[in-house]
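Visitor:
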Amino acid sequence: LPIVKITGLPLITRTPPLGEVWGRDDLASAIEIIKRLEQMDKLVTPDKPLLYEIDRVDVSNFNGRENTQHPHIILYAKDNTQIIWGAEVGKWQRHLESTDEQKLAKLYGYYKEYSTLSGGAKYINLRDPQDNIPLPIDKY
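Letter by letter, the sequence shown follows residues -11 to 128 in my numbering.
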């Protein structure tokens, strides 16, 4: 079972009272991406799961809390190759990014082509939409 670290979580100053839900959107978003990668591994790469190549998910800029212009979520391969995810799952349209499904397809396409996420590139950008895909802004 792969172990993927989640980094960039702000320091917790107080925990919720006993019995209340601890609402952490940044943590939930990182877990959602990891779950989707796990599902894709089962479907696309069951013999050599991509998730074993992921070291950590960095949410330090979640929702642009440090810089709205920089990627909100970045995954890192074991060799520190950046995998630029972008906005949290389900929020791609607000930032005119690739859909979540396209991001997964790009990542797994790269992985199937090169058999690894390490060493081949400085970074892998999943945010930019593919050509000829209509975006909400195209309607105006």
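Each residue gets a CB set at the ideal place from its N, CA and C atoms; glycine is no exception.
Would you mind stating whether A65 and D43 have Cβ atoms separated by less than 8 Å?
Guide: yes
Visitor: Compute the Euclidean distance between the alpha carbons of G108 and I0, then round it to the nearest angstrom.
Guide: 37 Å
Visitor: Can you list, in chain order, the residues of its chain whose CB lies under 7 Å from that of H83, leaving out five sequence neighbours each side?
Guide: Hits under 7 Å: G74 and A75.
Visitor: If you draw a straight line from the alpha carbon of E41 to that of G52, how long is it in whole angstroms?
Guide: 26 Å
Visitor: Nearest CA to the CA of G78: which residue from T69, I71 and K91?
Guide: Ranked by Cα distance from G78, the first of T69, I71 and K91 is K91.
Visitor: Check whether the stretch 55 to 72 touches the stretch 97 to 115, taking contact to mean three or more Cβ pairs, one atom from each stretch, closer than 8 Å.
Guide: yes
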